[in-house]
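Asks: If you scroll down you'll find the structure; I have some questions about it.
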Amino acid sequence: MKRHLGRELALLALPVWVVAAAAWWKASGGSSPLNNGPLRLYSTGFKAVEPSPLEVSKGLVFKAKADLQVVGDPHFPIWNHVKVGPIWGTIETHLEYKTGQKWIKAPWNSGTSSQWLGGPPNEMSVALKLNGIPTAAQEVRLRGSLQYTQPYSGPIPDDWKKPKNFVSLGTDWGLELPPYTYNISIKKPGQPMSAPVVSKVPLVELKDTACFSEDGFDYNDKPERQPRFFLHLHHLSNPNWHQKPNVAIHNVHIYDREGQEIQLYYMWSRLSNGRPRPAIEDLYRGSGYAGIYDQQPFSSQMLGGDAAVPVFSERLATARPWKSYKQPFTIEAQVSDGFCWPRKVRAKFHWNPKAVDQWNQFGAPRPPTPQHQRTMP
Numbered sequence: 125m126k127r128h129l130g131r132e133l134a135l136l137a138l139p140v141w142v143v144a145a146a147a148w149w150k151a152s153g154g155s156s157p158l159n160n161g162p163l164r165l166y167s168t169g170f171k172a173v174e175p176s177p178l179e180v181s182k183g184l185v186f187k188a189k190a191d192l193q194v195v196g197d198p199h200f201p202i203w204n205h206v207k208v209g210p211i212w213g214t215i216e217t218h219l220e221y222k223t224g225q226k227w228i229k230a231p232w233n234s235g236t237s238s239q240w241l242g243g244p245p246n247e248m249s250v251a252l253k254l255n256g257i258p259t260a261a262q263e264v265r266l267r268g269s270l271q272y273t274q275p276y277s278g279p280i281p282d283d284w285k286k287p288k289n290f291v292s293l294g295t296d297w298g299l300e301l302p303p304y305t306y307n308i309s310i311k312k313p314g315q316p317m318s319a320p321v322v323s324k325v326p327l328v329e330l331k332d333t334a335c336f337s338e339d340g341f342d343y344n345d346k347p348e349r350q351p352r353f354f355l356h357l358h359h360l361s362n363p364n365w366h367q368k369p370n371v372a373i374h375n376v377h378i379y380d381r382e383g384q385e386i387q388l389y390y391m392w393s394r395l396s397n398g399r400p401r402p403a404i405e406d407l408y409r410g411s412g413y414a415g416i417y418d419q420q421p422f423s424s425q426m427l428g429g430d431a432a433v434p435v436f437s438e439r440l441a442t443a444r445p446w447k448s449y450k451q452p453f454t455i456e457a458q459v460s461d462g463f464c465w466p467r468k469v470r471a472k473f474h475w476n477p478k479a480v481d482q483w484n485q486f487g488a489p490r491p492p493t494p495q496h497q498r499t500m501p
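Reminder that position 325 of the sequence shown reads as 449 in our numbering, one-by-one numbering, no gaps.
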């Protein structure tokens, strides 16, 4: 499953994922033995770490990390004439548990989903839901393999004998790295199932909202003026959060004045029938926005512990024109700094497509209004 560049790289509840990692492999002339042999993934292995409060709030109770590197020699004689592209690949993974003398492969469902983040040549992590595993399980393991391809672009000599792992990538080409297999121990015999204890104190609160306008495309791929929803957030323990505000927004729902939920669609991804793909699953289980958002468009008076972020990281279409829905819009979501326990927020938005947007005033200190509820009832 390919993930769009602007969205959170969190891949859930599927046996195989496609992961994109902005990584650049560089040749090294050092004496390390890792530089010998074919181009490949190298790691000391996945090691268990404590999941964050945000991950635990999503039911992800086990987490492991590995430092993955691309090592070895690509073994082709045209290094000075090619460009190295971002490495990409697939993850084959499955949960297994043991009862008696039998290992059983667990089906992927809402009780056994996983979330992968990162990739080579940096840190990669996987977090898991385990409430779908029987309590009688004696052992639990996550097994699978990483199959990555290193792409290149540039001329290929006619007399060059292509290696067996050479693959065509349209106008470019690449080398398939040998599979990197992993076998992560989650529960050993005699041990209890992972049940981490984390702080459930939300450290991010909602101070204000804004609704600006941008040009986008409607459900039928025609130009349309659309609303863009923003949150003014405050971090309760980081007075310098504004400098690099990491934000995660998930479980997003938007309603019209009548309380009817508005269905949203991706314009860049379409179903086999040509219609836009519904965004509902990603918005509910994934995020409206995740990452670090540029604060320059907003008020220069914004406090050091504050940040302004979009509810949705990209423009989304609706089944009907945006202007046909009755206002105000109500958005419910959960917000976090990417680590802390999320806070449930609920806010109303009024959109005037003809208004002059005042981005540079949003975020300036002012008393909160009653519509900005810190916690949903």
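The C-beta atom is built at its ideal place from N, Cα and C for all residues, glycine as well. Nothing here was measured: the structure is a model prediction, and the numbers come from that model.
(1) Report the rounded CA-to-CA distance for Ala414 versus Lys312, giving the unit in angstroms.
(2) Please tell me whether Gln419 and Ala403 are closer than 8 angstroms, where the distance is taken between their beta carbons.
(3) Distance check for Gly462 and Pro162, CA to CA, integer angstroms please.
(4) Leaving aside the five residues before and after His218 along the sequence, list all residues of the same chain whose C-beta is less than 7 angstroms from its C-beta, in chain order.
(5) DSSP state of Trp148, grouped into three classes?
(6) Going by C-alpha to C-alpha distance, which of Ala488, Pro175, Asn255 sits closest to Leu427?
(7) Identify every run of the alpha helix (DSSP H) within the region 342 to 416, keeping only runs that are complete inside it and at least 4 residues long; order them along the chain.
(8) Would DSSP call Gly153 helix, strand or coil?
(9) Nearest by alpha-carbon distance to Pro198: which of Trp232, Ser234, Pro275, Val173 is it?
(10) Between Ser448, Gly213, Ile373, Gly256, which lies nearest to Leu355 when the distance is taken from Cα to Cα?
(11) Hey, Cys335 and Trp475: beta-carbon distance below 8 angstroms or not?
(12) Please specify which runs of the beta strand (DSSP E), each continuous and at least 3 residues long, are wholly inside the region 261 to 332, giving them in chain order.
(13) Between the region 462 to 472 and the region 320 to 332, can you find at least three pairs of beta-carbon atoms closer than 8 angstroms?
(14) Report buried or exposed for Gly383, applying the criterion of at least 16 other Cβ atoms within 10 angstroms of its Cβ.
(15) Going by the beta-carbon positions, is the gap between Tyr304 and Leu165 smaller than 8 angstroms?
(16) Using DSSP bridges, identify the partner residues of Val173.
(17) So, at 8 angstroms on beta carbons, what are the nonlocal neighbours of Thr223 in its own chain, with the 5 sequence-adjacent residues on each side left out?
(18) How big is the Cα-Cα spacing for His377 and Tyr306?
(19) Leaving aside the five residues before and after Pro177 along the sequence, list all residues of the same chain whose C-beta is less than 6 angstroms from its C-beta, in chain order.
(20) Would the region 282 to 295 and the region 229 to 242 be scored as touching if the rule is three or more Cβ pairs under 8 angstroms?
(21) Taking the alpha-carbon of Ser309 as reference, which of Glu220, Pro369, Gln193 has the nearest alpha-carbon?
(22) Throw me the rounded Cβ distance for the Pro434 and Phe353 pair, which I believe falls under 8 angstroms.
(23) Does DSSP put Val250 in a helix, a strand or coil?
(24) Give the single residue among Ser249, Arg490, Gly169 whose Cα lies nearest to the Cα of Pro358.
(25) Among all the DSSP beta bridges, which residues are the ones paired with Leu165?
(26) Is the region 238 to 257 close to the region 339 to 351, with three or more CB pairs under 8 angstroms?
(27) I'd like to know whether the C-beta atoms of Ile215 and Leu270 end up nearer to each other than 8 angstroms.
(28) In three-state DSSP terms, what is Ser337?
(29) Quick one: what does DSSP say Ile478 is sitting in, helix, strand or coil?
(30) Less than 8 angstroms between the C-beta atoms of Pro245 and Leu184, yes or no?
(31) Which stretch, first to last residue, makes up the beta strand (DSSP E) that contains Gln239?
(32) Short check: CB of Ser277 to CB of Val206, under 8 angstroms?
(33) Sort Arg439, Gly314, Ser181 by Cα distance to Gln350 and report the nearest one.
(34) By the 10 Å Cβ neighbour count, where 16 or more other Cβ atoms means buried, how is Glu385 classified, buried or exposed?
(35) Compute the Euclidean distance between the alpha carbons of Gln315 and His366, then round it to the nearest angstrom.
(36) Out of Pro477, Val459, Gln425, which has the shortest C-alpha to C-alpha gap to Gln485?
Replies: Walking through what the data contain:
(1) About 34 angstroms.
(2) no
(3) If I take the Cα positions, the gap works out to 37 angstroms.
(4) Pro139, Lys229, Arg267, Gly268
(5) Its pLDDT being 36, under 50, Trp148 is placed unreliably by the model, and nothing is read from it.
(6) Ala488
(7) DSSP runs (the alpha helix (DSSP H)) wholly in the region 342 to 416: 404 to 409.
(8) With a pLDDT of 41 at Gly153, under the threshold of 50, the modelled position of this residue cannot be trusted, and the question is left open.
(9) Pro275
(10) If we check each option's Cα against that of Leu355, Ile373 comes out closest.
(11) Against a cut-off of 8 angstroms, the Cβ pair of Trp475 and Cys335 comes out as a contact.
(12) 263 to 277, 290 to 293, 296 to 300, 304 to 311
(13) Touching, yes.
(14) exposed
(15) yes
(16) Lys187
(17) Pro258, Ala260, Ala261, Gln262
(18) 37 angstroms
(19) Val322, Ser323, Cys464, Trp465
(20) no
(21) Closest option to Ser309, Cα to Cα, is Glu220.
(22) 7 angstroms
(23) It is a strand residue.
(24) Note that residue 358 is His in the sequence shown, not Pro. Looking at the Cα atoms, Arg490 is the closest of the given residues.
(25) Val194
(26) Touching, no.
(27) yes
(28) strand
(29) Per the sequence shown, the amino acid found at residue 478 is Lys instead of Ile. Three-state DSSP puts Lys478 in coil, outside helix and strand.
(30) no
(31) 238 to 242
(32) Yes, the pair counts as a contact, with Cβ atoms nearer than the cut-off.
(33) Proximity to Gln350 across Arg439, Gly314, Ser181 peaks at Arg439, based on C-alpha coordinates.
(34) The residue in question, Glu385, is exposed, as its Cβ has fewer than 16 Cβ neighbours within 10 Å.
(35) Going by the C-alpha atoms only, they are around 43 angstroms apart.
(36) Taking each of Pro477, Val459, Gln425 in turn and checking the Cα distance to Gln485, the smallest one comes out for Gln425.
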